[in-house]
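Here the protein sequences line up with chains U and C, keeping their order. Start counting the first sequence at 2; every next residue gets the next number (our numbering). Start counting the second sequence at 2; every next residue gets the next number (our numbering).
2 protein chains.
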Amino acid sequence: MRLVDTEPGQSRYAALASAMRARIVAGEWPPGSAIPAEQTLAAEHGVALGTMRRALDLLAEQGLLERVHGRGTFVRQGLSGAPMLRFFRFGADEREAPRSRILARDVLAAPAEVARALACGPGEPALRLKRLRSVGGQPALLEEIWLPLPAFQALADGDAAAWGDLLYPLYAERCGVHVHRAVDTIGFGNLGAAQARALQLPAGHPCARVQRQAYDLAGRCVEWRTTRGDAHAFHYTVSIT
Amino acid sequence: MRLVDTEPGQSRYAALASAMRARIVAGEWPPGSAIPAEQTLAAEHGVALGTMRRALDLLAEQGLLERVHGRGTFVRQGLSGAPMLRFFRFGADEREAPRSRILARDVLAAPAEVARALACGPGEPALRLKRLRSVGGQPALLEEIWLPLPAFQALADGDAAAWGDLLYPLYAERCGVHVHRAVDTIGFGNLGAAQARALQLPAGHPCARVQRQAYDLAGRCVEWRTTRGDAHAFHYTVSIT
DNA sequence: AAGTGGTCTAGACCACATC
DNA sequence: ATGTGGTCTAGACCACTTG
């Protein structure tokens, strides 16, 4: 029977949740796989079923686990799509899948801000991508993406044209990196000359700027991205309570 | 003992939650007051304590109730502040409370879009406010606010200069309207000449536009508001999982 | 001390998915 | 049929708040 350190003031189920989180982050059950049944885990930790359920519910709320009635409890896969387009409304048919094209791929010294976020030494080499996303054949979003380098070496080589339209599944397949959480910071700016050209807009045109930092299960920042698109196409809804 | 219709496929606690929601919306316990103890409610409905707790937890998650250990369970007051400024970063000292000034107050026929949202007949009279919010003495946000009219008659009369800096507490005190939920839609645009003048910016300057619809406990739209501020001061962070 | 919500238990039974 | 998660019960005990 596994014992759990119970800090005073910490409830049993919270301690159990931490313990389970540690086992998941350590890779005991890889993303997408099922963890043992509630009964098994409860017995293993010597607690009542309800207490273990409470712990697992907590982790599910936090997005670490996914519970499926009748099938089991699973470690969540990475974020499915890259829902960058949810911030924009372009006239084109929404059902049509957006297309991606890699405009540039270079190994460069990361700027200070990027290096700090990615936790690689300042000036250390990183992989930089420039990417254009199109909707209905029209250029819509321009992205600049920084990836830390030993981890993403697999993307520095090979044919980028064969990558497909979604990056996160690619990260998972080719580099074993699962994006689990992301923080987007929205701001406003103006397009530089080259950026405007890529988006077929006049230079200096107003743009919405979304700066994203993406994290894996262990909380490491694994992607630093800036996305720009026509400010007039920007549209976002927030519900507050 | 109160009985609850249990639709097939609906769990007991969900049905209980609906029943409690109805009693709250009906005003059985006004905002800010405590509801009876869990034990009492459980007995009243003839269910186990755990089941009633589950129902109340659900309503708490939905923001309808607020649970306080040792004191009781309370019907939530309206949204505390009007956190419109969370969308912006102005240079001024953040600790300093923003100030408000009413620029105009008129009873007018509501435009079609507003009338539809407020569920008053198109062209029926409504109260329109124009309001300027300043931070550190500098004009920052310009607001246009529409309120449905029999309900807000108390604000059509009296001295608007004495209103103070927050509107939602005012709605509660003077009109008995509690704002419980709001939906903000963000976009970018350009300032008209008069708007720019009020904000001390050049005409045509880019602005962020936040369109808010606020709802009371019963789900009625009780406020329609558009807020504009310098697009370059706009700044918002979203976490996704 | 009394009343409130929060935690934990042990067990029964139900609903869903799979073989 | 079996195994999974979801619901519900009845009760004990703990932690926090108030008079």
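Don't be surprised by glycine CBs; every beta carbon is placed ideally from N, CA and C. Quantities reported herein were computed from a predicted structural model and do not represent experimental measurements.
- The stretch 98-156 of chain U is shown to contain whole beta strand (DSSP E) runs of 3 or more residues at 100-110, 126-136 and 139-149, in chain order.
- Residues are counted here when their Cβ sits less than 8 angstroms from a Cβ of chain U; for the stretch 182-203 of chain C these are Arg182, Ala183, Val184, Asp185, Thr186, Ile187, Gly188, Phe189 and Gly190, given in chain order.
- CA-to-CA, the gap between proline 37 of chain C and alanine 49 of chain U works out to about 30 angstroms.
- The three-state reading of DSSP puts valine 26 of chain C in helix, counting H, G and I together.
- The Cβ of valine 223 of chain U sits no closer than 9 angstroms to any Cβ of chain C.
- Taking a C-beta cut-off of 7 angstroms against chain U, the contacting residues of the stretch 53-66 of chain C are Gly64, listed in chain order.
- By the criterion of at least three beta-carbon pairs nearer than 8 angstroms, the stretch 29-44 of chain U is not in contact with the stretch 223-239 of chain U.
- Chain-ordered listing is empty here: chain U has no CB closer than 7 angstroms to the CB of histidine 70 of chain C, the nearest sitting near 12 angstroms.
- Look at the stretch 8-20 of chain C: it has no residue with a C-beta under 7 angstroms from a C-beta of chain U.
- In this structure, DSSP gives phenylalanine 75 of chain U an extended state, which the three-state scheme calls strand.
- The beta carbon of isoleucine 25 of chain C sits no closer than 9 angstroms to any beta carbon of chain U.
- Contact annotation, leucine 109 of chain U with alanine 98 of chain U: C-beta distance approximately 30 angstroms; criterion of less than 8 angstroms not satisfied.
- Straight through space, the alpha carbons of leucine 42 of chain C and arginine 90 of chain C are spaced by roughly 46 angstroms.
- Between the alpha carbons of alanine 234 of chain C and alanine 113 of chain C lies a distance of about 31 angstroms.
- Threonine 41 of chain C: member of the alpha helix (DSSP H) spanning 39-46, first to last residue.
- Between the stretch 194-202 of chain U and the stretch 163-183 of chain U there are fewer than three inter-stretch CB-CB distances shorter than 8 angstroms, so the stretches are not counted as touching.
- C:Leu143 is the residue among C:Ala195, C:Leu143 and C:Ala23 whose C-alpha sits nearest the C-alpha of methionine 85 of chain C.
- In this structure the stretch 160-169 of chain U does not touch the stretch 187-196 of chain U; the number of beta carbon pairs closer than 8 angstroms is below three.
- Considering only beta carbons, the part of the stretch 223-237 of chain C lying closer than 8 angstroms to chain U consists of Ala232, His233, Phe235, His236 and Tyr237, in chain order.
- Rounded to whole angstroms, the gap between the alpha carbons of histidine 46 of chain C and methionine 53 of chain C is 8 angstroms.
- Sequence-distant partners of alanine 219 of chain C (beyond 5 residues in either direction) whose C-beta falls short of 7 angstroms from its own C-beta, in its chain, are Val26.
- Annotation note: the stretch 167-198 of chain C contains the following uninterrupted beta strand (DSSP E) runs of length 3 or greater, listed N- to C-terminal: 182-191.
- Interface residue (Cβ-Cβ distance to chain U less than 9 angstroms): proline 32 of chain C is not classified as such.
- Chain-order list of chain U residues neighbouring threonine 242 of chain C: Gly64 and Arg182, by C-beta distance under 7 angstroms.
- In the DSSP annotation of this structure, threonine 52 of chain C is not part of any beta strand (DSSP E); the continuous alpha helix (DSSP H) holding it starts and ends at 50-62.
- Taking the beta carbon of proline 207 of chain U as reference, the chain C residues within 8 angstroms of it are Phe189, Pro207 and Ala232, listed in sequence order.
- Between phenylalanine 88 of chain C and tyrosine 237 of chain C, the C-beta gap is smaller than 9 angstroms, which places the two residues in contact.
- Interface residue (Cβ-Cβ distance to chain U less than 9 angstroms): leucine 218 of chain C is not classified as such.
- Between the beta-carbon of leucine 59 of chain C and that of alanine 18 of chain C there is about 5 angstroms, and that keeps the pair under the 8 angstroms contact cut.
- Between valine 184 of chain C and valine 239 of chain U, the gap from beta carbon to beta carbon is short of 9 angstroms.
- In the DSSP assignment, glycine 10 of chain U falls outside any beta strand (DSSP E) and carries neither an H nor an E.
- For a cut-off of 8 angstroms, the C-beta gap from leucine 167 of chain U to arginine 132 of chain U is around 11 angstroms, too long to register as a contact.
- At least one C-beta of chain C is nearer than 9 angstroms to the C-beta of valine 239 of chain U.
- In this structure, glycine 137 of chain C sits near glycine 92 of chain C, with a CB-CB distance shorter than 9 angstroms.
- For tryptophan 225 of chain U, the uninterrupted beta strand (DSSP E) segment begins and ends at 222-231.
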